[in-house]
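**Q** Numbered per the UniProt record's numbering, the sequence shown spans residues 1 to 388.
All C-beta atoms in this analysis are idealised placements derived from N, C-alpha and C, irrespective of residue type, glycine included.
Dumping the structure here so I can ask a few things about it.
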Amino acid sequence: MRILHTSDWHIGRSFHGNQTLDALRGVLAELVRHVGAHDIDVVIVAGDVFDSSMPAADCYGVLTDALRGIREAGARVIVTSGNHDSAARLGFLAPLLQDGVHVLTDAEAVGTPITLHDEHGAVHFYGIPYLEPALVRRIWPDVALRTQEQVMRHAMGFVNADRASRGGRSVAIAHCFAAGVEPTPQLEREVRQDLRQGSLDVVPLAAFDGPDYVALGHIHGRAELAPTVRYSGAPLHYSFGEAHKPRGSWVIDLGPDGVTSTTWLDLPVPRALTVLRGTLDELLADPAHEEHRGDWVCAVLTDRTAPSEPMRRLRERFPHCATIELQPDRSDEDDEVRTYRERVGRGVPDPQILDDFLEHVRGGDGATEDERSILADVISEVRAQEHA
Numbered sequence: 001m002r003i004l005h006t007s008d009w010h011i012g013r014s015f016h017g018n019q020t021l022d023a024l025r026g027v028l029a030e031l032v033r034h035v036g037a038h039d040i041d042v043v044i045v046a047g048d049v050f051d052s053s054m055p056a057a058d059c060y061g062v063l064t065d066a067l068r069g070i071r072e073a074g075a076r077v078i079v080t081s082g083n084h085d086s087a088a089r090l091g092f093l094a095p096l097l098q099d100g101v102h103v104l105t106d107a108e109a110v111g112t113p114i115t116l117h118d119e120h121g122a123v124h125f126y127g128i129p130y131l132e133p134a135l136v137r138r139i140w141p142d143v144a145l146r147t148q149e150q151v152m153r154h155a156m157g158f159v160n161a162d163r164a165s166r167g168g169r170s171v172a173i174a175h176c177f178a179a180g181v182e183p184t185p186q187l188e189r190e191v192r193q194d195l196r197q198g199s200l201d202v203v204p205l206a207a208f209d210g211p212d213y214v215a216l217g218h219i220h221g222r223a224e225l226a227p228t229v230r231y232s233g234a235p236l237h238y239s240f241g242e243a244h245k246p247r248g249s250w251v252i253d254l255g256p257d258g259v260t261s262t263t264w265l266d267l268p269v270p271r272a273l274t275v276l277r278g279t280l281d282e283l284l285a286d287p288a289h290e291e292h293r294g295d296w297v298c299a300v301l302t303d304r305t306a307p308s309e310p311m312r313r314l315r316e317r318f319p320h321c322a323t324i325e326l327q328p329d330r331s332d333e334d335d336e337v338r339t340y341r342e343r344v345g346r347g348v349p350d351p352q353i354l355d356d357f358l359e360h361v362r363g364g365d366g367a368t369e370d371e372r373s374i375l376a377d378v379i380s381e382v383r384a385q386e387h388a
């Protein structure tokens with residue numbers, strides 16, 4: 001059986017105020033071509049199908065076209081929900097979908113697989129939707145579920161119990177941060193970018209022991225945690241921090257005894273992403289930057305004082321300048337007086353913000369383990385309310 005592992009389509013996400021639907025539609029059309037050209041039997045979408053729990057009408061058209069194209073190319077589709085999706089909205093039409101399209105969003109059905117067959121017998125696909133601890137505690141009230149690690153271990157317990165009773169080969173699909181004892185440098189950089197390594201929401205690699213292959217989603221760059229545990233990343237670049245990471249999907253070949261080979265298939269990049277650093281005058285005048293005229297540009301301005309109308313002037317040279325960051329050159333003395341707000345910056349996850357705040361006000365000591373548990377409960381409750 002040949003499986004295509006993809007994830008994190010984020011249909012409807014904007015890129016610094018610019019819509020991405022047309023670009024994503026083209027990339028997914030190429031993914032559909034891969035399905036036919038490489039004789040794919042099953043396509044996995046490991047969560048975050050949409051970017052919002054309430055996607056706009058045009059987003060459904062992009063998803064419908066992609067699913068129809070995959071089916072017409074001869075493959076079945078297995079989709080799970082991610083933290084950006086509304087499991088209820090994504091899953092409510094699942095019983096009415098055409099044969100061969102499976103949307104798995106029900107936490108209570110985690111141990112029930114979609115079973116497909118090839119010449120070697122059965123392959124059981126276990127979809128694990130994104131499981132927010134505050135939401136699933138009502139389902140399993142007798143189990144301590146405060147963290148993603150606890151939730152994922154509990155879900156994998158159902159998966160492995162069912163595997164043991166059925167026999168045959170198996171594939172698990174999950175949407176979470178996962179880290180091994182020795183994560184790859186690429187994964188380690190990405191985890192640190194989104195939340196601190198070792199914090200409450202990181203799931204150990206050992207939690208996924210058992211299935212022949214584990215298809216993960218949530219991290220937007222491809223990563224290999226183990227030969228049979230991988231992230232595919234997103235099909236589009238959704239931030240400048242991802243600019244150096246390839247876009248694509250994994251092709252997984254399952255033989256009679258498990259995975260026999262893994263192959264990476266590149267997807268096209270509709271518009272390259274470039275970060276340019278210097279003063280405004282340098283960025284406007286340096287001939288070396290001419291090759292980036294057609295790129296998405298993040299301009300990091302090092303002017304000591306804020307220049308006048310920088311975006312208007314930059315777009316005269318770089319029509320697709322998407323964002324500006326002001327990072328004036330500082331002396332060592334300047335760095336010593338940076339505020340807490342500046343040190344936290346943008347894109348830092350909630351657990352780290354709270355821990356850094358406590359460290360800041362206490363003069364060096366962050367949260368204790370008991371305090372981290374309390375903070376995890378509070379954050380989970382807030383996320384649950386936002387999800388609802």
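Do you know offhand how far residue 390's Cα is from Val-35's?
**A** Beyond the ends of the chain as shown, which are 1 and 388, falls residue 390; an answer cannot be given.
**Q** Taking the straight line between their C-alpha atoms, what separation do you get for Met-54 and Gly-17?
**A** Here the question's residue 54 lines up with position 54 in the sequence shown. Here the question's residue 17 lines up with position 17 in the sequence shown. Rounded to whole angstroms, Met-54 to Gly-17 spans 18 Å at the Cα level.
**Q** Just verifying my parser: in three-state terms, what is the DSSP assignment at Pro-287?
**A** As a first step, residue 287 must be located in the sequence shown, where it is residue number 287. Of the three classes helix, strand and coil, the one that applies to Pro-287 here is helix, per DSSP.
**Q** I'd like the ranges of any alpha helix (DSSP H) spanning at least 4 consecutive residues and lying wholly in the region 42-91.
**A** The region 42-91 contains these whole alpha helix (DSSP H) runs: 57-72, 87-91.
**Q** Can you list, in chain order, the residues of its chain whose CB lies under 8 Å from that of Leu-314, leaving out five sequence neighbours each side?
**A** Reading the sequence shown from its first residue, position 314 is the one you call residue 314. The residues are Leu-280, Leu-283, Leu-284, Val-297, Ala-299, Cys-321, Ile-324.
**Q** Do you know whose CA, among Tyr-60, Val-259, Val-275, Thr-260, lies nearest Ser-239's CA?
**A** The residue you call residue 239 lines up with position 239 of the sequence shown. Out of Tyr-60, Val-259, Val-275, Thr-260, Val-275 has the C-alpha closest to the C-alpha of Ser-239.
**Q** Along the chain, where does the beta strand (DSSP E) that runs through Glu-325 open and close?
**A** The residue labelled residue 325 in the question sits at position 325 within the sequence shown. Segment 321-326, the beta strand (DSSP E) holding Glu-325.
**Q** Assign Val-337 to one of two classes, buried (16 or more other C-beta atoms within 10 Å of its C-beta) or exposed (fewer than that).
**A** Here the question's residue 337 lines up with position 337 in the sequence shown. At Val-337, the pLDDT of 47 sits below 50, so the modelled position is not reliable; the number obtained from the coordinates is stated separately. Exposed, because fewer than 16 other Cβ atoms sit within 10 Å of the Cβ of Val-337.
**Q** Bridge partners of residue 389, per DSSP?
**A** The chain is shown only over 1 to 388; residue 389 falls outside these bounds and no answer can be derived.
**Q** Spell out a yes or no on whether the region 135-149 and the region 230-238 are touching, meaning 3 or more CB-CB pairs, one atom from each, closer than 8 Å.
**A** These segments do not touch.
**Q** At the level of alpha carbons, what is the spacing between Asp-253 and Arg-304?
**A** Reading the sequence shown from its first residue, position 253 is the one you call residue 253. Reading the sequence shown from its first residue, position 304 is the one you call residue 304. C-alpha separation (whole angstroms): 55 Å.
**Q** Got a sec, what are the start and stop residues for the alpha helix (DSSP H) Ile-353 sits in?
**A** Within the sequence shown, the letter at position 353 stands for residue 353. 350-362 is the span of the alpha helix (DSSP H), which, as asked, contains Ile-353.
**Q** Hey, would you say Pro-141 sits closer than 8 Å to Thr-80, going by beta carbons?
**A** Walking along the sequence shown from the start, residue 141 turns up at place 141. Walking along the sequence shown from the start, residue 80 turns up at place 80. Result no, Cβ atoms of Pro-141 and Thr-80 do not sit closer than 8 Å.
**Q** Considering just the uninterrupted stretch of the beta strand (DSSP E) at Arg-230, what are its terminal residues?
**A** Position 230 of the sequence shown holds residue 230. Where Arg-230 is concerned, the enclosing beta strand (DSSP E) stretches over 229-231.
**Q** Which residues does DSSP list as the beta-bridge partners of Ile-11?
**A** Position 11 of the sequence shown, counting from 1, holds the residue named residue 11. Looking at the DSSP assignment, Ile-11 forms a beta bridge with Phe-50.
**Q** Tell me, which residues are paired with His-124 by DSSP?
**A** Translated into positions along the sequence shown, residue 124 becomes position 124. Answer by DSSP bridge pairing, in chain order: Thr-115, Ser-170.
**Q** Whole angstroms is fine: what's the gap from Ala-56's alpha carbon to Asp-48's?
**A** For this step, residue 56 is matched to residue 56 along the sequence shown. For this step, residue 48 is matched to residue 48 along the sequence shown. Taking the straight line joining both Cα atoms gives about 15 Å.
**Q** Beta-carbon within less than 6 Å of Asn-160's beta-carbon, same chain only, minus the 5 sequence neighbours each way: which residues are those?
**A** Position 160 of the sequence shown, counted from the start, is the residue given in the question as residue 160. Within the same chain, Asn-160 has close Cβ partners Gly-210.
**Q** Residues in the same chain with beta-carbon distance under 6 Å from Asp-295, minus the five sequence neighbours each way, listed in chain order, please.
**A** Looking up residue 295 in the sequence shown gives position 295. Only Ala-272, Thr-274 meet the Cβ criterion.
**Q** If the criterion is Cβ atoms closer than 8 Å, does the pair Asp-41 and Arg-2 meet it?
**A** Indexing the sequence shown from 1 puts residue 41 at position 41. Indexing the sequence shown from 1 puts residue 2 at position 2. Cβ distance < 8 Å, so Asp-41 and Arg-2 count as in contact.
**Q** So, for Pro-246: in the same chain, excluding its five sequence neighbours on each side, which residues have a beta-carbon less than 7 Å away from its beta-carbon?
**A** Position 246 of the sequence shown, counting from 1, holds the residue named residue 246. Arg-222, Asp-266, listed in sequence order.
**Q** Would you say Glu-30 and Pro-268 are within 8 Å of each other, going by their C-beta atoms?
**A** Within the sequence shown, the letter at position 30 stands for residue 30. Within the sequence shown, the letter at position 268 stands for residue 268. Yes, Cβ-Cβ distance for Glu-30 and Pro-268 is below 8 Å.
**Q** Got a sec, what are the start and stop residues for the alpha helix (DSSP H) Val-27 sits in?
**A** By 1-based counting over the sequence shown, the position of residue 27 is 27. Run containing Val-27: 21-37, per the alpha helix (DSSP H) assignment.
**Q** Using the rule of at least 16 other Cβ atoms within 10 Å of the residue's Cβ for burial, across every protein chain shown, is Ala-164 buried or exposed?
**A** By one-based count along the sequence shown, residue 164 stands at place 164. Exposed is the call here.
**Q** Going straight from the alpha carbon of Arg-25 to that of Asp-65, what length do you get?
**A** Reading the sequence shown from its first residue, position 25 is the one you call residue 25. Reading the sequence shown from its first residue, position 65 is the one you call residue 65. Cα-Cα distance, rounded: 8 Å.
**Q** Between the region 378-386 and the region 119-134, can you find at least three pairs of beta-carbon atoms closer than 8 Å?
**A** With the cut-off at 8 Å, the region 119-134 and the region 378-386 touch.
**Q** Take Asp-212 and list the residues in its own chain whose beta-carbon comes closer than 7 Å to its own, dropping the five residues that flank it on each side.
**A** Mapped onto the sequence shown, residue 212 falls at position 212. The answer, listed in chain order, is Arg-169, Ser-170, Val-171, Thr-228, Leu-254, Gly-258, Val-259.
**Q** When the Cα atoms are used, what is the spatial distance from Glu-72 to Arg-166?
**A** Your numbering for residue 72 matches position 72 in the sequence shown. Your numbering for residue 166 matches position 166 in the sequence shown. Approximately 31 Å between the Cα atoms of the pair.
**Q** Any Cβ of chain C within less than 8 Å of the Cβ of Gly-258?
**A** Among the protein chains of the structure shown there is no chain C, as only one such chain exists.
**Q** Would you decide whether Thr-368 is buried or exposed? Buried here means 16 or more other CB atoms lie within 10 Å of its CB.
**A** As a working mapping, residue 368 is identified with position 368 in the sequence shown. By the neighbour-count rule (16 or more Cβ atoms within 10 Å), Thr-368 is not buried but exposed.
**Q** What is the rounded straight-line gap between the Cα of Gly-121 and the Cα of Phe-208?
**A** Residue numbering aside, residue 121 sits at position 121 when the sequence shown is read from its first letter. Residue numbering aside, residue 208 sits at position 208 when the sequence shown is read from its first letter. The alpha-carbon atoms of Gly-121 and Phe-208 are separated by roughly 23 Å.
**Q** Under the rule that 16 or more other beta-carbon atoms within 10 Å means buried, what is Arg-138, buried or exposed?
**A** By one-based count along the sequence shown, residue 138 stands at place 138. Classification of Arg-138: exposed, given that the 10 Å Cβ count is below 16.
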